[in-house]
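Colleague: Residue numbers (the working numbering), protein chains in the order written: chain B, 17 to 127; chain R, 453 to 567. Beta carbons are placed, not taken as given, at the ideal position from N, Cα and C, and that holds for glycine. Once you've had a glance at the structure underneath, I'll fire off some questions.
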């Protein structure tokens, strides 16, 4: 039982490049979400999904796309990376008691 | 939307002392208040939570109190140990089965416990 698995752990991009951050869960939770964490800012919600085929925007969605084709996977796409997207990204799931479980994070630098 | 304020941003205590972190929230409809601990290089982990129908909850050295009228909640750690050193986040949410209600996080408190 791995919980929430994020890949890659580290990534360096050049401005304008695209990439996908992967998130997979084996807890069969319907709700999944992506947060970004910046120094002194806490965690801010980017996008979330309440089930396969359903996604919605969070607090800071600009520059990010998501899709949810299966219960297990919730990838986050950066179409054209910008230095402002340098951050640590966390994927999380939530159970029916509203308890959230976080992955270990992806540390992204955009040069 | 919900706004969660957390204080202090840094806290240094001696081993064995108590540590208290306080949070306030703005949305009176929020009814779920978790606390997360984040160690260096890791994701946040839930350490304790409280729901709005309860005023206090304890789990060994950790306790959380909730004052719904004042819209604030606090984390209390007693008999602190060096391994308690981490960043602690409070959060607030409206719970609901399969709802879109997200966790709104405070900005975190960096706790340092010195031997």
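Of the residues that make up the region 102-117 of chain B, which ones have a beta carbon closer than 7 Å to any beta carbon in chain R?
Modeller: Cβ contacts with chain R come from 106, 112, 114, 115 and 116.
Colleague: At a cut of 8 Å, does the region 506-517 of chain R reach the region 529-537 of chain R through at least three beta carbon pairs?
Modeller: Enough Cβ pairs lie closer than 8 Å, so yes.
Colleague: Alpha carbon to alpha carbon, how far is residue 94 of chain B from residue 511 of chain R? Give it in angstroms, no decimals.
Modeller: Here residue 511 of chain R refers to the residue found at position 59 of the second chain. Here residue 94 of chain B refers to the residue found at position 78 of the first chain. One C-alpha to the other measures close to 41 Å.
Colleague: Can you confirm whether residue 61 of chain B, when its beta carbon is compared against all beta carbons of chain R, has any partner nearer than 8 Å?
Modeller: For the purposes of this step, residue 61 of chain B is identified with residue 45 of the first chain, where counting begins at 1. Residue 61 of chain B counts as touching chain R.
Colleague: Return the residue from the list B/118, B/122, B/126 and B/123 that minimises the CA-CA distance to residue 497 of chain R.
Modeller: Numbered from its first residue, the second chain carries residue 497 of chain R at position 45. Ranking B/118, B/122, B/126 and B/123 by Cα distance to residue 497 of chain R puts B/118 first.
Colleague: Beta strand (DSSP E) containing residue 501 of chain R: first to last residue?
Modeller: As a working mapping, residue 501 of chain R is identified with position 49 in the second chain. That run of the beta strand (DSSP E) goes 497-503.
Colleague: If we count the other Cβ atoms within 10 Å of its Cβ and call it buried at 16 or more, is residue 549 of chain R buried or exposed?
Modeller: Position 97 of the second chain, counted from the first residue, corresponds to residue 549 of chain R. The predicted model places residue 549 of chain R with a pLDDT of 48, which falls under 50 and marks its position as unreliable, so this point remains unresolved.
Colleague: Residue 554 of chain R CB to nearest chain B CB: under 8 Å?
Modeller: One-based indexing of the second chain puts residue 554 of chain R at position 102. Closer than 8 Å to some Cβ of chain B, the Cβ of residue 554 of chain R qualifies, so yes.
Colleague: Tell me which residues of the region 74-106 of chain B have at least one Cβ-Cβ distance to chain R shorter than 7 Å, keeping chain order.
Modeller: Of all residues in the region 74-106 of chain B, 74 and 106 have a Cβ within less than 7 Å of some Cβ in chain R.
Colleague: Closer than 8 Å by beta-carbon distance: list the chain B residues that pair up with residue 525 of chain R, in chain order.
Modeller: Looking up residue 525 of chain R in the second chain gives position 73. Near residue 525 of chain R there are no residues of chain B at all, since even the closest Cβ is about 15 Å away, more than 8 Å.
Colleague: For residue 119 of chain B, which residues in chain R fall below 8 Å Cβ to Cβ?
Modeller: In the first chain, the residue the question calls residue 119 of chain B occupies position 103. The answer, in chain order, is 495.
Colleague: Excluding the 5 residues preceding and the 5 following residue 565 of chain R in the sequence, name in chain order all residues of the same chain whose CB lies nearer than 7 Å to its CB.
Modeller: Taking the first residue of the second chain as position 1, residue 565 of chain R is located at position 113. Here the set comprises 465, 467, 532, 533, 534, 536 and 537.
Colleague: Out of R/507, R/554, R/458 and R/567, which one is the CA nearest neighbour of residue 75 of chain B?
Modeller: To locate residue 75 of chain B, count along the first chain from 1; it is residue 59. The option with the nearest alpha carbon to residue 75 of chain B is R/554.
Colleague: Residue range of the beta strand (DSSP E) that residue 486 of chain R falls in?
Modeller: On the second chain, residue 486 of chain R is found 34 positions in, with the first residue counted as 1. Per DSSP, residue 486 of chain R belongs to the beta strand (DSSP E) from 484-490.
Colleague: Decide yes or no for the touch test of the region 47-56 of chain B against the region 107-118 of chain B: beta carbon pairs closer than 8 Å, at least 3 of them.
Modeller: Yes, since at least three Cβ pairs between the region 47-56 of chain B and the region 107-118 of chain B fall closer than 8 Å, the two stretches touch.
Colleague: Please name the residue in B/38, B/32 and B/114 whose C-alpha comes closest to that of residue 22 of chain B.
Modeller: The count along the first chain starts at 1 and reaches residue 22 of chain B at position 6. The residue with the shortest Cα to Cα distance from residue 22 of chain B is B/38.
Colleague: Anything in chain R within Cβ reach of residue 57 of chain B, meaning under 7 Å, just list it in chain order.
Modeller: Indexing the first chain from 1 puts residue 57 of chain B at position 41. Chain R residues near residue 57 of chain B: 559.
Colleague: Listing by chain order, which chain R residues have their CB less than 9 Å from the CB of residue 49 of chain B?
Modeller: Working through the first chain from its first residue, we reach residue 49 of chain B at position 33. 554 and 555, listed in chain order.
Colleague: So does the region 84-98 of chain B actually touch the region 56-67 of chain B, counting three or more Cβ pairs closer than 8 Å?
Modeller: Contact between the region 84-98 of chain B and the region 56-67 of chain B is present, because at least three Cβ pairs lie under 8 Å.
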